[in-house]
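For the sequence shown, our numbering begins at -5 and goes up steadily by one.
Where is the CB? At the ideal position from N, CA and C, for every residue including glycine.
A quick write-up on the structure given underneath.
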Amino acid sequence: MSIERRWGSIQTRSAWAVVAMVVAGLLAVAVVTFIVAWPLDGTAQATGVVSGTVRVARPPAAPAPTKVTVQADVCGQTVPSDELAVTRGALGGAVVWLEGVPAPAGTAPRPVQVTLDQHRCRFEPHVQTATVGATVGLTSRDPILHNIHAYLGTRTLFNVAIPVAGMVVRRPLGEAGRVQIKCDVHAWMSSWIVVFNHPYHAVTSADGSFRIQGVPPGTYPLKVWHERLGEKSASATVSSAVTVSF
């Protein structure tokens, strides 16, 4: 059984003047699918999957590549910007999360560890999410010095030199927030790790799709953040009896 809701002409304009919106902000489609998960004690605990696509109708012009002035033999003559990734209207690199979801019963799962690599003087991945308590493995494939400097707001979280390729340094992610990563040697290098105190978050793929699993039934604020386009809100409903598309 399913229920479909079309939002028709519900559109707004805001600081994102270039974004045509359905529901709110740049969020175009979200799909909520009911599933059942069976915990180890044999009792059924119903959870859902929130998935969908984030799109923009008229994206801003992509930033121009940066001309490299240091270590061009490794970095290349120019470095493309990773700030805005739009493919046929689909927005990659947007962070999507739910708010107000009850904490899961029992022991919380161990946070998934994340990795931040450096290749040809770019951070990979450009945007990722993590849960408080995770660690980030900092590494590089470049045979030159990088200095990874992480900020939460204006405060330094860590400052790590990676002088050789293949070196790995691990640092804890102990606070929720948007952590911006810079390289003190190569000023154009930038990436983001958005850290949450819950597991209900995702980053959109190149095709704009996202998927958040293990969501208990309920209606929750659904948030989308992009480093250039800002933040917008919608809502997502997970039903214990039906599949809902909206």
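Excluding the 5 residues flanking it on each side, H113 has same chain C-beta neighbours closer than 8 Å at S134, R135, D136, in chain order. Under the three-state reduction of DSSP output, A128 falls in the coil class, being neither helix nor strand. Beta-bridge partners of A79 (DSSP): G86. For E221, same chain residues with a beta-carbon under 8 Å away, outside a window of 5 residues either side, are E77, G87, V121, W186 in chain order. By the 16-neighbour rule on beta-carbons within 10 angstroms, P59 is exposed. Shown here for V173: same chain residues with a beta carbon closer than 8 Å to its own, the five before and five after excluded, namely A144, Y145, L146, L151, L167, W186, I187, V188, V189 in chain order. Assignment of beta-bridge partners to L167 by DSSP yields no partner.
Less than 7 Å separates the beta-carbon of T47 from that of G202.
With a cutoff of 7 Å on beta-carbon distance, S75 and P57 are scored as near each other.
Contact between V162 and G131 holds: CB atoms are separated by about 5 Å, below the 8 Å threshold.
At least 7 Å separates the beta-carbon of I156 from that of V68. Per DSSP, V68 lies in no beta strand (DSSP E) segment; the continuous alpha helix (DSSP H) that holds it begins and ends at 66 to 69. The beta carbon of M183 lies closer than 7 Å to those of C115, R116, F117, K176, C177 in the same chain, with the five residues before and after it left out.
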